[in-house]
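Below: one structure, written as structure tokens.
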Amino acid sequence: NAGVTQTPKFRILKIGQSMTLQCTQDMNHNYMYWYRQDPGMGLRLIHYSVGEGTTAKGEVPDGYNVSRLKKQNFLLGLESAAPSQTSVYFCASSYRGQGANEQFFGPGTRLTVL
Amino acid sequence: AQRVTQPEKLLSVFKGAPVELKCNYSYSGSPELFWYVQYSRQRLQLLLRHISRESIKGFTADLNKGETSFHLKKPFAQEEDSAMYYCALSKGSARQLTFGSGTQLTVLP
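Sequence lines, in order, name chains A and B. Each residue of the first sequence is one higher than the one before, starting from 1 at the first, in our numbering. Each residue of the second sequence is one higher than the one before, starting from 1001 at the first, in our numbering.
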């Protein structure tokens, strides 16, 4: 199993450009998440999804949109990139069940907006 | 609102010395707490969770509800323990995580 995979690994955007980050998991997990990691701030939740066709806002959703058309895929879109969106983006997934379930993380996408 | 605080950004200890990474939380409900670790050039991975009350790689963490703490401890640090450690609190319908800002642990030879 590949676990959680993300594409691309790196990307440089100009201000105002758009792009989509892709996340795929092969563990049949119901829950998927997008986080951003910034120095000194840890990881912050952008959006999440509890299942196919459903999404919800996290802590820092502004400037991002998401879609979950298929259970295994969770897409993160930037419509008009801004320098404040320079970050490392992590996708994660977890099993839906009772109690505290482990989240499995992807390798990350390093995005720079110039 | 829930919050996770890791007061130390950087922590250095010598090999064989005890290490404690601090984590405090604020949460109105019954917390579900985790420690995640990110080794150099590897993805973030679960180290341990409080409900398991387990020891992983020699690390333990005890939930202290009175002090609202979940400190991570290891009696004898090893060089391979050098990594970024995140304390996290799980809540909500999708068990989404609120992370602390992380502590970069360096174990010196």
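For glycine and all other residues, C-beta sits at the position ideal for the given N, C-alpha and C.
Cβ-based burial, residue i [other Cβ within 10 Å; buried from 16]
i         : result
Leu1010/B : exposed
Ser1012/B : exposed
Glu1054/B : exposed
Arg96/A   : exposed
Tyr1025/B : buried
Thr1098/B : buried
Gln1078/B : exposed
Tyr101/A  : In the sequence under discussion, the amino acid at residue 101/A is Asn, which differs from the Tyr named in the question. Classification of Asn101/A: buried, given that the 10 Å Cβ count is 16 or more.
Arg1041/B : exposed
For residue j and residue i, the rounded distance between their alpha carbons
i         : j         : result
Tyr1085/B : Trp1035/B : 7 Å
Lys1065/B : Leu1044/B : 26 Å
Thr1005/B : Thr1106/B : 20 Å
Lys1091/B : Ser84/A   : 27 Å
Tyr48/A   : Gly58/A   : 7 Å
Gln37/A   : Ser87/A   : 6 Å
Cys1023/B : Phe104/A  : 22 Å
Gln17/A   : Asn30/A   : 31 Å
Ile1056/B : Ile15/A   : 44 Å
Gly1058/B : Val4/A    : 27 Å
Phe74/A   : Ala1017/B : 43 Å
Asp1081/B : Leu45/A   : 26 Å
Ser1069/B : Ile1051/B : 14 Å
The ligand ZN heavy atom lying under 7 Å from the CB of residue i
i       : result
Tyr89/A : As presented, the structure is devoid of all ligands, the ligand ZN included, so that no description of it is given.
Contacts of residue i in chain B (Cβ-Cβ under 7 Å)
i        : result
Gln103/A : Leu1097
Tyr48/A  : Ala1094, Gln1096
Ser94/A  : Arg1095
Chain A residues whose Cβ lies nearer than 9 Å to that of residue i
i         : result
Tyr1086/B : Gly42, Leu43
Chain-ordered neighbours of residue i on chain A, where CB pairs are closer than 7 Å
i         : result
Gly1102/B : Gly42
Chain-ordered neighbours of residue i on chain B, where CB pairs are closer than 9 Å
i        : result
Pro107/A : Gln1042, Arg1043
**Message:** Please identify, using Cβ separations under 7 Å, the residues of the stretch 1054-1077 of chain B that lie next to chain A, in order along the chain.
**Reply:** none
**Request:** Scan the stretch 75-113 of chain A and note each continuous beta strand (DSSP E) run of 3 residues or more that stays entirely inside, going in chain order.
**Result:** 87-94, 103-105, 109-113
**the stretch 1023-1045 of chain B: positions lying closer than 9 Å to chain A by Cβ** = Glu1032, Leu1033, Phe1034, Tyr1036, Gln1038, Gln1042, Arg1043, Leu1044, Gln1045
**Message:** Going residue by residue through the stretch 1015-1091 of chain B, where are the continuous beta strand (DSSP E) segments of at least 3 residues, counting only ones entirely within it?
**Reply:** 1019-1021, 1024-1026, 1032-1038, 1045-1049, 1072-1074, 1083-1091
**Prompt:** Going along the chain, which residues of the stretch 19-35 of chain A sit with their C-beta nearer than 7 Å to a C-beta in chain B?
**Reply:** Tyr31, Tyr33
**Asked** Using Cβ-Cβ distances below 8 Å, what residues of the stretch 50-77 of chain A are close to chain B?
**Response** Val50, Ala56, Gly58, Glu59
**Request:** Determine which residues of the stretch 1007-1021 of chain B have a Cβ less than 9 Å from any Cβ of chain A, and write them out in chain order.
**Result:** Lys1009
**Request:** Could you list the residues in the stretch 1-13 of chain A with a C-beta less than 9 Å from some C-beta on chain B, going in chain order?
**Result:** Gly3, Val4
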